[in-house]
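In the numbering used here, the protein residues as written are 25 to 445.
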């Protein structure tokens, strides 16, 4: 039995986030990861990959970054979890308020799910309302009931959660306004301020004005966009600020730290001694694990001095190179590059074509379940990947879909959100 099969016999789905499950990878990606360094990933079956997934977009600086690891190790040696709050909590909070002066208070957690759920709870307490309006384009906010109840994977979640969720299309302010007016109960509007398209017709500004007018809490989920779309955030780049915002992924560079940032009058619902009705706000034993917070503070220091112009230029060259190769092979009917350079995606005519394409890349030891370009990806890495894509597209063009289906068998990639396993 392979190691990944043994893990799946012991752990439901064989992973701790469904995006790492075997149904998200072609059948020739087997085994378990042993280590990563830079943009290389080594598996226990001996395979070494040039990786573009980068730990679900966490390793913006590259795997096992020496300076980040050194900061985490120093914190470990002083004790991971002490009886009182620790210095690393203050250090990271002070660095965050310098990075995000638009926010006054911060709370730490281990996952993006937890901080978005906390933002929703705060919004409900602050407004006295219950309904959450969320952008339908955003793939994932949280594994908590308030969001998962709005998806097709809603087993085990009371039906009333769905009734408390509204979904609006990105850039469709008219539809959002209609929802808010009809409901009369909207506590929060939550969205990724930028996903796979830019805002149009002052969309974000109009959402901000709507929230101000209706007393709605605006939440920006910058778990992916933060420190990737721009330094430090979409909000800073576009000049539109939320009441609460969530960050993570890039902040820890692989260490488990997520951040809820917010205005003081909202965040203090979870404070001590102010006489307000208490919001039980992310009270978790390991929520402020010192190694992760120390890593986060070091990452913020490094990103403050990073060359974002060079990084965004590299992202643009990489995605343009993929699009050019698709055109050159005449495969626009089978695959197309979509999205923005900081978070591009390749759309395929079918799941079989998609699986076969990634099967061909994996044969060349390129792992690209999605594209999460890191500062650590070099021009040589880009060239090597472009060459691998070129060869994969050539074979894709020459292969009938029936033959592709035979090659991948029943291991066709599946959506994470589906009603049945």
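For glycine and all other residues, C-beta sits at the position ideal for the given N, C-alpha and C.
Counting along the chain, where does the alpha helix (DSSP H) carrying residue 203 start and finish? Numbered from 1 along the chain shown, position 179 holds the residue referred to as residue 203. 197-207 is the extent of the alpha helix (DSSP H) around residue 203.
With residue 188 and residue 155 assumed to form a contact (beta carbons below 8 Å), what rounded beta-carbon distance in angstroms separates them? The count along the chain shown starts at 1 and reaches residue 188 at position 164. The count along the chain shown starts at 1 and reaches residue 155 at position 131. Confirmed, Cβ separation roughly 5 Å.
Where residue 33 and residue 45 are concerned, what is the direct C-alpha to C-alpha distance, given to the nearest angstrom? Locating residue 33 in the chain shown gives position 9, counting from the first residue. Locating residue 45 in the chain shown gives position 21, counting from the first residue. Going from the Cα of residue 33 to the Cα of residue 45 covers about 13 Å.
Check the DSSP bridge columns for residue 44 and list the partner residues they point to. Counted from its first residue, the chain shown places residue 44 at position 20. Answer is none; residue 44 lacks a bridge partner.
Bounding residues of the beta strand (DSSP E) (the contiguous stretch that carries residue 155): The sequence position of residue 155 within the chain shown is 131, counting from 1. Unbroken beta strand (DSSP E) run through residue 155: 155-159.
Min CB distance residue 392 to chain D below 8 Å: Annotation note: the requested chain D is absent from the structure, which comprises a single protein chain.
Which term fits residue 50, buried or exposed, when burial requires 16 or more other beta carbons within 10 angstroms of its beta carbon? Reading the chain shown from its first residue, position 26 is the one you call residue 50. Classification of residue 50: buried, given that the 10 Å Cβ count is 16 or more.
For residue 291, which of 178, 202, 88, 131 has the nearest alpha-carbon? For the purposes of this step, residue 291 is taken as the residue at position 267 of the chain shown. Here the closest residue by C-alpha is 131.
Residue 399 to residue 297, Cα distance in whole Å? As a first step, residue 399 must be located in the chain shown, where it is residue number 375. As a first step, residue 297 must be located in the chain shown, where it is residue number 273. Their backbone Cα atoms lie some 44 Å apart in a straight line.
Measure how close the beta-carbons of residue 383 and residue 105 come, nearest whole angstrom, since I'm counting them as under 8 Å. In the chain shown, the residue the question calls residue 383 occupies position 359. In the chain shown, the residue the question calls residue 105 occupies position 81. In fact, because the Cβ distance is near 43 Å, the residues do not count as touching under 8 Å.
Can you list, in chain order, the residues of its chain whose CB lies under 6 Å from that of residue 294, leaving out five sequence neighbours each side? Translated into positions along the chain shown, residue 294 becomes position 270. Excluding sequence neighbours, residue 294 sits near 303, 305.
Output the boundary residues of the beta strand (DSSP E) element that contains residue 170. The residue given as residue 170 occupies position 146 in the chain shown. It is not in any beta strand (DSSP E) - residue 170 instead sits in the alpha helix (DSSP H) that spans 169-172.
Any chance the region 133-149 sits against the region 103-117, with 3 or more Cβ pairs inside 8 Å? no
Identity of the residue in 359, 263, 332, 319 nearest residue 113 by Cα: The residue you call residue 113 lines up with position 89 of the chain shown. The shortest C-alpha separation from residue 113 is found at 319.
Is residue 211 near residue 240, with beta carbons less than 8 Å apart? To locate residue 211, count along the chain shown from 1; it is residue 187. To locate residue 240, count along the chain shown from 1; it is residue 216. In contact: residue 211 and residue 240 (Cβ atoms closer than 8 Å).
Reduced DSSP secondary structure (H/G/I, E/B, other) of residue 429: Counting from 1 along the chain shown, the entry for residue 429 is found at position 405. Residue state, collapsed to three classes: helix.
Using alpha carbons as the reference points, say which of 99, 419, 193, 253 lies closest to residue 368. In the chain shown, counting from the first residue as 1, residue 368 sits at position 344. Checking every option, the nearest Cα to that of residue 368 belongs to 253.
Local conformation of residue 104 per DSSP, three classes: Along the chain shown, read from residue 1 onward, the residue named residue 104 stands at position 80. Of the three classes helix, strand and coil, the one that applies to residue 104 here is coil, per DSSP.
Would you mind listing the beta strand (DSSP E) stretches within the region 261-285 that are 3+ residues and don't spill past its ends, in chain order? 268-271
Mind checking whether residue 379 and residue 437 have CB atoms under 8 Å apart? In the chain shown, the residue the question calls residue 379 occupies position 355. In the chain shown, the residue the question calls residue 437 occupies position 413. Going by C-beta atoms, residue 379 is nearer than 8 Å to residue 437.
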